[in-house]
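Colleague: For the sequence shown, our numbering begins at 676 and goes up steadily by one. Glycine included, C-beta positions come from ideal geometry on N, C-alpha and C. Quantities reported herein were computed from a predicted structural model and do not represent experimental measurements. Structure in structure tokens, see below.
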Amino acid sequence: MSFPRCALLWARLPAGRRAGHRAAVCSALRAHPGPVPGPLGRPPAVASASSSASGGSKAPNTSLFVPLSVKPQGPSADGDVGAELTRPLDKTRLFHQAFISFRNYILQSHSLDVDIHIILNDICFSAAHVDDLFPFFLRHAKQIFPVLECKEDLRKISDLRIPPNWYPEARAIQRKIIFHSGPTNSGKTYHAIQKYLSAKSGVYCGPLKLLAHEIFEKSNAEGVPCDLVTGEERVSVETNGKQATHVACTVEMSSVTTPYEVAVIDEIQMIKDPARGWAWTRALLGLCAEEVHLCGEAAAIDLVTELLYTTGEEVEVRNYTRLTPISVLDHALESLDNLRPGDCIVCFSKNDIYSVSRQIEIRGLESAVIYGSLPPGTKLAQAKKFNDPDDPCKILVATDAIGMGLNLNIRRIIFYSLIKPSINEKGEKEIEPITTSQALQIAGRAGRFSSKYKEGEVTTMNREDLRLLKEILNKPVEPIQAAGLHPTAEQIEMFAYHLPDTTLSNLIDIFVDFSQVDGQYFVCNLDDFKFSAELIQHIPLSLRVRYVFCTAPINKKQPFVCSSLLQFARQYSRNEPLTFAWLRRYIKWPLNPPNNIKDLMDLEAVHDVLDLYLWLSYRFIDMFPDANLVRDLQKDLDGIIQEGVHNITKLIKISEAQRLLHLENMPADSRSRSPGTSKSQARRMRGTKTLGFKAAEPPGPGAEKSLASRLVQQGLLTADMLKQLEKEWLTQRTEHGRDKAEPGTTSKGSRRKKKEPDSD
């Protein structure tokens, strides 16, 4: 019997079957005076007889052992105590994978270890049982699943149950915790900042770069020397380079080892954020300050009190009320014709931003535009334009990016929609109505105390949304249940020590699976980290360097930004510094002002790439040496983007005209012949609808004039643009006819001539 045949027989037998007296059988076989059984073997009866004749004990006939039926254990009255102490088991996956791997190992190996070879030979001659392979199967399983060998160590490393003990410097002092609770525009942050400015030393931890910049400028304007620290920027105000007594930073960049007299943590309710909550948890538990001032919603009070109870620190709560009244209107806007100066239309998608901006421009009004992917400088420029009483721009179109970090003269907030895509704690995309907390945060931007409008109003664009908005705003804000945590680089390195051949992305998965947290904490969503880890997995980097690259903040929806992270990592692995000259060539600088919306989005992606360079330059100074030059370049790019956003309605108009012109330029015969054309035409029509415009009807006989008139009426075309398009169309038709007339000449050939190196 061959080894593959043995392995197949072993696979078919029940796993719980046990051999009786393998040792006796083997010794009897070896004591037999006859020749060693050859490939054909001997019948079991012969072996038994010879064993008896030599005085040995008779081996039992294992073929008579019929397994008894044992019913699986049912539910216990006490429940599954094992699962409560550890976790439910996936009983089949690991065993099945190990079984398949071990079988393939046996069948495909040209030579086997001596001990496995002997066991398989004994099984072939019925001198051993397949269960005798179990020790070797277990050894193989531990080789392909090394986590089985060190799972207890991994469980200890990933134990996240007592986070306060991670910060011994903070535990060495008795901190005073003050919670400034209240809605937007209640003065809670103002009072905390006043304590910060009057202290001998202090740190401000904000959720956005814009807020850190604002405190940085305010502090220095009032004569309190203050440094600025963000992921992409370090600004020191002291001429000798010495650290100032005060620092304004983004919350991720706060130091948990530097002592301060006063610390301010803004927007503390973001401790529940699925992706960034860990930064607020770290600041809350780890800042070494005599006084820690927390600013945020009342929903975070109970959780903060419970977290700090474990540190022995009491929380003093100071409640604030809104300084100016705000009211929900009983009527919706319904039409953009009803807009008034000081209105802000809040959208939750770029398509809506473009659509509303275009329709406002058609009505002869001017609007400012603010959305999340704009550079900070462009956001401030648009806010300044909207706030300027001498500027004709009196309408603002924005996303929820205005919810924090910008001071705006808004009289009325108008929700264009109440549906916002979001990512839950499991990394799943959800499309649901905005939460009460989000609605209050956005609505609270109307009628601020520091603006010229002392009363605020809130409504919706559509009548059917108004009742839902009132329900959302009248709901009590649900208390925050848990705070976020994040594995450190040291913890991941310790995991890698035990699992040296495991990828970083898989290490993260194993860490999250093994991690143990108290009910007051959760492990933050790490999908973005894993995305970056898988992106650069094939590049040879040390684990610590790889970890830093994966924590770099990138927008994974931007292909150019993702490819840039890959290129930066590749350059780093080759030990080739990323110089200013190299970066200019990479982004193809100089860049031209945008001609359409796509160009504007490309420029925003380039700005994000420069941000990525600056972020990495503070982690790898030698490999990213030209941070100052890149920052100057980024300011120039910011100016180009500002110019594009200033003319955004023109860009939208051109983009729509180009899309519709492309549709009209398609030959009629190809539209009728090609079965795929109707699908592409439908996609273009749907794209037009997403921008808020009615899709054009398929042109019929004599409908060319009516189509042009409709485009002009909708503002998509002007008379001058129509004339220019007519000239281009006639020119293209003439060239097309000339190409057909010239023998041996094709349109592809003409295009190749245009792309010669000299013309480039």
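Expressed to the nearest angstrom, what Euclidean distance is found between the alpha-carbon atoms of Val878 and Cys924?
Modeller: Answer to the nearest angstrom: the Cα atoms are 7 Å apart.
Colleague: Quick check for students: name the residue ranges of the beta strand (DSSP E) that lie wholly in the stretch 1100 to 1155, counting only runs of 3 or more.
Modeller: As far as the stretch 1100 to 1155 is concerned, its whole beta strand (DSSP E) runs of at least 3 residues are 1104 to 1108 and 1131 to 1135.
Colleague: Apply the 10 Å Cβ neighbour rule to Leu1115 and answer buried if 16 or more other Cβ atoms are within range, or exposed otherwise.
Modeller: So Leu1115 counts as buried.
Colleague: Under the three-state reduction of DSSP, which class applies to Thr925: helix, strand or coil?
Modeller: Strand at Thr925.
Colleague: Please check the pair Ile946 and Gly1159, which I expect to be a contact at CB under 8 Å, by giving their CB distance rounded to whole angstroms.
Modeller: Going by Cβ atoms, the distance from Ile946 to Gly1159 rounds to 7 Å, so yes, they are a contact pair.
Colleague: Among residues of its own chain, excluding the 5 on either side of Ser1002, which ones have a beta-carbon nearer than 8 Å to its beta-carbon?
Modeller: Counting only Cβ-Cβ distances below 8 Å, and skipping sequence neighbours, we find Glu1130, Gly1131, Glu1132 and Val1133.
Colleague: Rounded to the nearest angstrom, how far is the Cβ of Met1136 from that of Ile1089, given a contact under 8 Å?
Modeller: Yes, they are in contact, since the Cβ atoms of Met1136 and Ile1089 sit about 6 Å apart, within 8 Å.
Colleague: Please state whether DSSP places Arg778 in a helix, a strand or coil.
Modeller: If DSSP states are grouped into helix, strand and coil, Arg778 belongs with the helices.
Colleague: Under the three-state reduction of DSSP, which class applies to Val1462: helix, strand or coil?
Modeller: Outside the shown range of the chain (676 to 1435) lies residue 1462, about which nothing can therefore be said.
Colleague: Consult DSSP for Glu1417 and reduce its assignment to one of helix, strand or coil.
Modeller: Low per-residue confidence applies at Glu1417: pLDDT is 49, beneath 50, and the placement is therefore not dependable, though the value from the model is reported in the following sentence. Three-state result, Glu1417: coil.
Colleague: Which value, in whole angstroms, describes the spacing of the CA atoms of Ala1171 and Leu1182?
Modeller: Using only the alpha carbons, I get a separation of about 7 Å.
Colleague: Mapping DSSP to helix, strand and coil, what is Cys963?
Modeller: In the structure shown, Cys963 sits in a strand (DSSP, three-state: E or B).
Colleague: Pick out whichever of Leu808, His888 and Ile794 has its Cα sitting closest to the Cα of Ala802.
Modeller: Comparing Cα-Cα distances from Ala802 to each of Leu808, His888 and Ile794, the minimum goes to Ile794.
Colleague: Would you report the Cα separation of Ser1042 and Asp1066, rounded to the nearest angstrom?
Modeller: About 10 Å.
Colleague: Please list the segments of the beta strand (DSSP E) lying wholly inside the stretch 881 to 922, counting only runs of 3 or more residues, in order along the chain.
Modeller: Counting only runs of 3 or more, we get 901 to 904.
Colleague: Is it the case that the Cβ atoms of Pro673 and Thr933 are separated by a distance below 9 Å?
Modeller: There is simply no residue 673 to check, as the chain begins at 676 and stops at 1435 in what is shown.
Colleague: How about Cys1237 and Lys1231: are their beta carbons less than 9 Å apart?
Modeller: Result yes, Cβ atoms of Cys1237 and Lys1231 sit closer than 9 Å.
Colleague: In the DSSP output, which residue or residues are listed as bridge partners for Arg1043?
Modeller: The residue asked about is misnamed: residue 1043 is Ala in this sequence, not Arg. According to DSSP, Ala1043 bridges with Leu1071.
Colleague: Between the alpha carbons of Arg1249 and Ser873, how many angstroms are there, rounded?
Modeller: Computed Cα separation, rounded: 50 Å.
Colleague: Would Glu927 pass as a contact of Ile848 if the rule is Cβ separation under 9 Å?
Modeller: Their beta carbons are not under 9 Å apart, which means Glu927 does not touch Ile848 by this criterion.
Colleague: Give the DSSP-derived three-state secondary structure of Ser876 in the structure shown.
Modeller: Coil, per DSSP.
Colleague: Report the residue from Gln1057, Lys1095 and Cys970 whose alpha carbon sits nearest the alpha carbon of Ser1024.
Modeller: Taking only the C-alpha atoms, the option nearest Ser1024 is Lys1095.
Colleague: Hey, out of Met1298, Leu1291 and Ala1227, whose CA is closest to Ala1208's CA?
Modeller: It is Ala1227.
Colleague: Is Lys1231 helix, strand or coil when you go by DSSP?
Modeller: Coil.
Colleague: Looking only at its chain, what residues have a beta carbon closer than 7 Å to the beta carbon of Asn895, apart from the 5 residues adjacent to it on each side?
Modeller: Cys901 and Val912, listed in sequence order.
Colleague: Can you check whether the CB of Leu885 is closer than 9 Å to the CB of Gly1080?
Modeller: Yes; because the gap between Cβ atoms is below 9 Å, this pair is in contact.
Colleague: Tell me whether Pro1064 sits in a helix, a strand or coil according to DSSP, three-state version.
Modeller: DSSP places Pro1064 in coil when its eight states are reduced to three.
Colleague: Do Arg1306 and Glu908 have their C-beta atoms within less than 9 Å of each other?
Modeller: Cβ atoms of Arg1306 and Glu908: closer than 9 Å.
Colleague: Suppose the cutoff is 7 Å on Cβ atoms and the five residues either side in sequence are ignored; what does the same chain contact list for Arg957 look like?
Modeller: These residues qualify, in order along the chain: Val931.
Colleague: From this set, Lys1069, Lys1205, Leu1141 and Ile1315, which residue's C-alpha is nearest Pro1269's C-alpha?
Modeller: Answer by Cα proximity: Ile1315.
Colleague: Excluding the five sequence neighbours on either side, which residues of its own chain have a C-beta within less than 7 Å of the C-beta of Asn994, listed in chain order?
Modeller: Here the set comprises Ser856 and Gly857.
Colleague: Rounded to whole angstroms, how far is the Cβ of Leu829 from the Cβ of Phe1189, which I believe are closer than 8 Å?
Modeller: Indeed they touch by this definition, with Cβ atoms about 5 Å apart.
Colleague: Based on the DSSP secondary-structure assignment, which residues constitute the bridge partners of Tyr935?
Modeller: Ala964, per the DSSP bridge assignment.
Colleague: Please determine if the stretch 1253 to 1261 and the stretch 1286 to 1304 are in contact, where contact requires at least 3 C-beta pairs separated by less than 8 Å.
Modeller: These segments touch.
Colleague: Tell me whether the beta-carbon of Thr859 lies closer than 9 Å to the beta-carbon of Arg1123.
Modeller: Going by C-beta atoms, Thr859 is nearer than 9 Å to Arg1123.
Colleague: Identify whether Lys851 lies in helix, strand or coil by the three-state DSSP scheme.
Modeller: Note: Lys851 maps to strand in three-state DSSP.
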